[in-house]
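Just so we're aligned, residue 6 is where the sequence shown starts under our numbering, counting upward by one.
Positions of the beta carbon are idealized from the N, C-alpha and C atoms, including for glycine.
Because the structure is a prediction, the values reported are computed rather than measured.
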Amino acid sequence: MTVDFSLIFFSGDEKNKYRFVLDAARYADENGFTAIWTPERHFHRFGGLYPNPSVLGAGLAMHTQRLQIRAGSVILPLHSPIRVAEEWAVVDNLSRGRAGIALATGFSPLDFAIRPEGWSDRRQRTFDAVGTIRELWEGAPVYVQDGLGNHVEVELHPQPVQPELPIWLTCTKSVETFETAGRLGCNVLTALIDMTNEELEEKLAVYYKTLEEYGHDPDSTTVTLMLHTFIGTDLDEVRETVWPPFSDYLRSFFTVIDSQKKNLAPGAGVRDISADDQDELIKFAFDKYFEKGALLGTPDSCAAVVDRFQGMGVNEIACLIDFGVDEDLVVQSLSHLNELRRRYA
């Protein structure tokens, strides 16, 4: 079984704005990578370069020829599904049929300052939107209420190039989301966030079982796993290179998660533990990722990681490359990632 390799962005840096994204996209486009994923993030330095993946996707479409242009992910409850379909139909036309989207329920209450009413039932809004987007994309009208309260039908314009829009559901902690993806016949975008390798394997087994139960072909779906990625020629040098930025990345990520936990459960959070304990937590997380939860190492050492996830049913690796390593160094290292990619082509 082959494994596709893509690039994904999540954190971002204000230093060079979008030059890094464009440089990486051009390399991926010229060297046989499958896709580039950009997220939707709001109101925080950590990821603040990416408030709208369709806008950035339209720009990337104009700088690439073969690379699939994907949202990873649209926070669906912040938007009308009709509007999502319209925006990505534009991207599909600009890219001549290379658009794809992952839909996420959203985890940050602050993001919902954009649309507060979307928070309480965000999961159901996301799942219901899959059918609406598919119907519009395939040319069927949907029935809605206009500004005067009239019931009207609307169709999608511009008409997309692809007859079907590839749709992923973003699935992490909740096994029910994996089940829903299977029931709806969606692809899966996942990451090792608050989840062990063993838990991921169990959830993917549920996903594949549910696909079959609802009459979907498991061989026609894609399970995309996001992994932090930096590949070099010497394992010790890679560890030395990635430790400072990756530990800072983890600290920033934990700060974001911590703020969400405090909003949802006041009195609980990472900041409540001592600085020394936080440092130990960061080191523990780094060692865990480096050994078996990321593509940090050499092509040979990382092949073992790919093999392990491939055995679980993962057939695409979304390589997260913007976690703080010097951007020029990351672009140079893509040749080593490409060496690994070719082993699974």
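- prompt: If we call anything under 7 Å between Cβ atoms a contact, is Asp97 one with Gln164?
  reply: Counting from one through the sequence shown, the residue named residue 97 turns up at place 92. Counting from one through the sequence shown, the residue named residue 164 turns up at place 159. For Asp97 and Gln164, no; Cβs fall outside 7 Å.
query: How would you label Leu153, buried or exposed, when you count the other beta carbons within 10 angstroms and need 16 or more for buried?
result: Counting from 1 along the sequence shown, the entry for residue 153 is found at position 148. When all chains shown are included, Leu153 counts as exposed.
query: What's the gap between the Cα of Glu218 and the Cα of Ser59?
result: Position 213 of the sequence shown, counting from 1, holds the residue named residue 218. Position 54 of the sequence shown, counting from 1, holds the residue named residue 59. The alpha-carbon atoms of Glu218 and Ser59 are separated by roughly 33 Å.
Buried or exposed by the 16-neighbour rule on C-beta atoms within 10 Å, applied to Gln150: Position 145 of the sequence shown, counted from the start, is the residue given in the question as residue 150. By the 10 Å Cβ count, Gln150 comes out exposed.
task: Can you tell me the Cβ-Cβ gap for Ala29 and Leu345, rounded? I've got them flagged as a contact below 8 Å.
output: Within the sequence shown, numbered from 1, the residue matching residue 29 stands at position 24. Within the sequence shown, numbered from 1, the residue matching residue 345 stands at position 340. With a Cβ gap of about 16 Å, Ala29 and Leu345 do not count as contacting.
- prompt: So, do the region 120 to 133 and the region 91 to 106 have three or more beta carbon pairs nearer to each other than 8 Å?
  reply: The answer is no - the region 91 to 106 does not touch the region 120 to 133, with fewer than three Cβ pairs under 8 Å.
task: Along the beta strand (DSSP E) that carries Arg75, what are the first and last residues, could you check?
output: In the sequence shown, counting from the first residue as 1, residue 75 sits at position 70. Looking at the DSSP string, the run of the beta strand (DSSP E) that includes Arg75 is 73 to 80.
task: Closer than 7 Å by C-beta to Glu332: which residues in its own chain qualify, once you throw out the five before and the five after it? Chain order, please.
output: On the sequence shown, position 327 is the one that residue 332 refers to. The answer, listed in chain order, is Asn21, Phe25.
- prompt: Could you give the distance in angstroms between the alpha-carbon of Ala196 and the alpha-carbon of Leu161?
  reply: Your numbering for residue 196 matches position 191 in the sequence shown. Your numbering for residue 161 matches position 156 in the sequence shown. Going by the C-alpha atoms only, they are around 32 Å apart.
message: Does the CB of Phe235 have a neighbour CB from chain D at under 7 Å?
response: Protein chains in the displayed structure number just one, and chain D is not present.
First and last residue of the uninterrupted beta strand (DSSP E) at Gln150: The sequence position of residue 150 within the sequence shown is 145, counting from 1. Segment 147 to 150, the beta strand (DSSP E) holding Gln150.
- prompt: CB Asn202 to CB Thr227, shorter than 7 Å?
  reply: Against the sequence shown, residue 202 aligns to sequence position 197. Against the sequence shown, residue 227 aligns to sequence position 222. Taking 7 Å as the Cβ cut-off, Asn202 and Thr227 do not qualify as a contacting pair.
query: Where Asn320 and His156 are concerned, what is the direct C-alpha to C-alpha distance, given to the nearest angstrom?
result: Taking the first residue of the sequence shown as position 1, residue 320 is located at position 315. Taking the first residue of the sequence shown as position 1, residue 156 is located at position 151. Approximately 43 Å between the Cα atoms of the pair.
message: Tell me the rounded alpha-carbon separation between Ile80 and Lys293.
response: As a position in the sequence shown, residue 80 is number 75, starting the count at 1. As a position in the sequence shown, residue 293 is number 288, starting the count at 1. Cα to Cα, the separation comes out at about 29 Å.
- request: Quick one: grab the DSSP three-state call for Asn343.
  value: Here residue 343 corresponds to residue number 338 of the sequence shown, with the count starting at 1. Annotated three-state conformation of Asn343 is helix, per DSSP.
Endpoints, the beta strand (DSSP E) within which Gly37 is located: Here the question's residue 37 lines up with position 32 in the sequence shown. Element bounds for Gly37: n/a, residue is neither H nor E.
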